[in-house]
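Enquirer: Structure in structure tokens, see below.
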């Protein structure tokens, strides 16, 4: 018997990230958020420059 816990964990992370991405203007931004969450990619230190 095999457990599908790992797959369910990935699905849960994907759904949560999709909910957090509500309001992103483009699909590309939501896609990048999913790559960072599911691939454990490093986050940039500064995402926005205000000055």
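In the working numbering, the protein residues as written are 13 to 63.
We put the beta carbon where it would ideally sit given N, CA and C, even for glycine.
1) Which residue marks the beginning of the alpha helix (DSSP H) containing residue 35, and which one marks its end?
2) Quick check on residue 63: buried or exposed, where buried means 16 or more other Cβ atoms within 10 Å of its Cβ?
3) Work out the CA separation of residue 20 and residue 45 for me, nearest whole Å.
Expert: From the atom records:
1) Taken as a continuous stretch (DSSP letters only), residue 35 belongs to no alpha helix (DSSP H), as it is neither H nor E.
2) Because the pLDDT at residue 63 is just 48, under 50, the model does not fix this residue reliably, and the value given afterwards should be weighed accordingly. Classification for residue 63: exposed.
3) Residue 45 and residue 20 have their C-alpha atoms spaced approximately 19 Å apart.
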